[in-house]
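Per my numbering, the sequence shown starts with residue 246, numbered consecutively. Idealized CB from N, CA, C, for every residue including glycine. Please read the structure below before turning to the comments.
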Amino acid sequence: MTAPDPLVRFRFFADAGPDVWERHLQPPKTDGGLCVLALSGGGEDGAFGAGALAGWSAAGTRPDFDMVTGISTGALIAPFAYLGPDHDDALRRIFTQHDAGDIMKLQPLKVPFSDALYDTTPLARLIEAFTPPTFLQAIADRHATGARLFVVTSDLDRSRAVVWNMGEIAKSGQYDLFRAILRASAALPGLFSPVTLTYSVGDATFAETHLDGGVHMQFLAIPQFAYTSTHRKLPGGALYLLINNTLDPAPTTVSRSALAISQHALTTSIRANALAEVNATRSLSRANGIDLHVASVDPESGVVYDPSDRFSSTYMNALYSHGFERGIGRTLWSAS
246 MTAPDPLVRF RFFADAGPDV WERHLQPPKT DGGLCVLALS GGGEDGAFGA
296 GALAGWSAAG TRPDFDMVTG ISTGALIAPF AYLGPDHDDA LRRIFTQHDA
346 GDIMKLQPLK VPFSDALYDT TPLARLIEAF TPPTFLQAIA DRHATGARLF
396 VVTSDLDRSR AVVWNMGEIA KSGQYDLFRA ILRASAALPG LFSPVTLTYS
446 VGDATFAETH LDGGVHMQFL AIPQFAYTST HRKLPGGALY LLINNTLDPA
496 PTTVSRSALA ISQHALTTSI RANALAEVNA TRSLSRANGI DLHVASVDPE
546 SGVVYDPSDR FSSTYMNALY SHGFERGIGR TLWSAS
């Protein structure tokens, strides 16, 4: 028999049934259809999403979201997007005023015996600096209105995607757990160390290892039964997919080295999965009368990525500007 989950208030598996989703989606406090923002993974390409949100705000057309979901770099963006345009500047600073040294440090002497190339203790400090208690209380306050913030991690030992109800965690005051989940969701396998989530329930202490939610999915789109449930009448609504990547990249010459080829193959696989998920979400949206809007990095943006220079501030500033110009110029979204 499987023991009850001590964190059942705060999380559920992504493939859970409608009764579980309903428990976390309730209570609905919105009329008509939901307005949902789903933020994908993408590493340093999260600078695009941060810029896009700021430009969208500046254009005066950004809606209030009833629900925000995030995976990987999208998980780092999601709490700020959830709280609205007043937090755009924090995202700008995170993605344009910090570089690799503020996110990770190499473990060269440990690599053969380590769980990753880099230690993300610097990222943990960065997350803590931008999520003070007042910020997390604001998350809890918004949660109380019925809005929802979900972040996805991958449970390493169970090999399953876990959806975390971040507003409920903020409401409980478990701020360290909130921050650790953000860090875990952004823990790129092999590159960044997995994160141990430690928590106490009564006199018992538990520890689990979690990493990048992108292992299982590129973004979290709410499953069909969340729209068609008998408990939640949601005709129409809007779903915005903000993809921190290029879905249709321009051709590029790949160096004939094992590292370059394997890295390019992984990137191609991630993009293919993202595109497949977008197409599946498009079918779901049409079937339920939902307005789907998709944004991704323009392959003709002119922003050049150097895989040997991860989290370059020059690259992230250029990508932030690309996202901002698309947002303020009202060319961000393609309707589906």
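Member of the options whose CA lies at the smallest distance from the CA of residue i
| i | options | result |
| --- | --- | --- |
| T497 | W301, Y550, D344, F258 | Y550 |
| A431 | A369, S445, E413 | A369 |
| L577 | S514, A517, N489 | N489 |
| A383 | V548, G458, F325, H455 | F325 |
| R337 | D364, Y485, A299 | A299 |
| I426 | G435, P249, V440, A345 | V440 |
| L537 | A259, G572, V281 | V281 |
| A304 | S546, A580, G572 | G572 |
| P251 | T559, A320, S399, T443 | T443 |
| T314 | I506, F451, R516, L484 | L484 |
| V397 | R254, G286, P552, N524 | G286 |
Close-in-space but distant-in-sequence residues of the same chain around residue i (CB under 6 Å, 5 per side omitted)
| i | result |
| --- | --- |
| A466 | A283, T526 |
| F582 | With the chain represented from 246 up to 581, any question about residue 582 goes unanswered, as that position is not in the structure. |
Span separating the alpha-carbon of residue i from that of residue j
| i | j | result |
| --- | --- | --- |
| G294 | G568 | 6 Å |
| R477 | L394 | In this prediction, R477 has a pLDDT of 49, which is less than 50 and means its spatial position is unreliable; nothing more can be read from the coordinates. |
| W409 | A374 | 21 Å |
| V548 | Q463 | 22 Å |
| R575 | T306 | 9 Å |
| K274 | D402 | Because K274 carries a pLDDT of 47, less than 50, the predicted location of this residue cannot be relied on, and no value is offered for it. |
| F258 | L362 | 28 Å |
| D448 | T341 | 43 Å |
| F586 | S445 | Since the first residue of the chain shown is 246 and the last is 581, residue 586 is not available in this structure. |
| R256 | S404 | 15 Å |
Counterpart residues of residue i in DSSP-defined beta bridges
| i | result |
| --- | --- |
| W409 | R256, V396 |
| M312 | V281, R393 |
| T443 | A452 |
| L484 | V281, L537 |
| L230 | Absent from the model: residue 230. The displayed extent of the chain is 246 to 581, so no value can be given. |
Three-state secondary structure (DSSP) of residue i
| i | result |
| --- | --- |
| S528 | helix |
| L270 | helix |
| D333 | helix |
| A580 | strand |
| H538 | strand |
| D364 | strand |
| D457 | strand |
| L436 | coil |
| P378 | helix |
| Y420 | helix |
| N518 | helix |
| E545 | coil |
| L298 | helix |
| T513 | helix |
| G291 | helix |
| G568 | helix |
| L479 | Low per-residue confidence applies at L479: pLDDT is 49, beneath 50, and the placement is therefore not dependable enough to give any value. |
Other residues of its chain near residue i: CB distance less than 7 Å, five sequence neighbours each side excluded
| i | result |
| --- | --- |
| L381 | A415, Y420, F423 |
| S566 | G296 |
| P378 | Y420 |
| P434 | L456, D457, V460 |
| G288 | T318, L433 |
| S541 | I488, N490, T491, L492 |
| R387 | Y327, L328, G412 |
| P330 | S302, R307 |
| M561 | E289, A292, F340, T341 |
Any non-hydrogen atom of the ligand GDP within 7 Å of residue i CB
| i | result |
| --- | --- |
| H332 | Because no ligand of any kind appears in the structure shown, any question about the ligand GDP cannot be addressed here. |
Cβ shell of residue i (< 8 Å), same chain only, five flanking positions each side left out
| i | result |
| --- | --- |
| R516 | N490, T491, L492, P494 |
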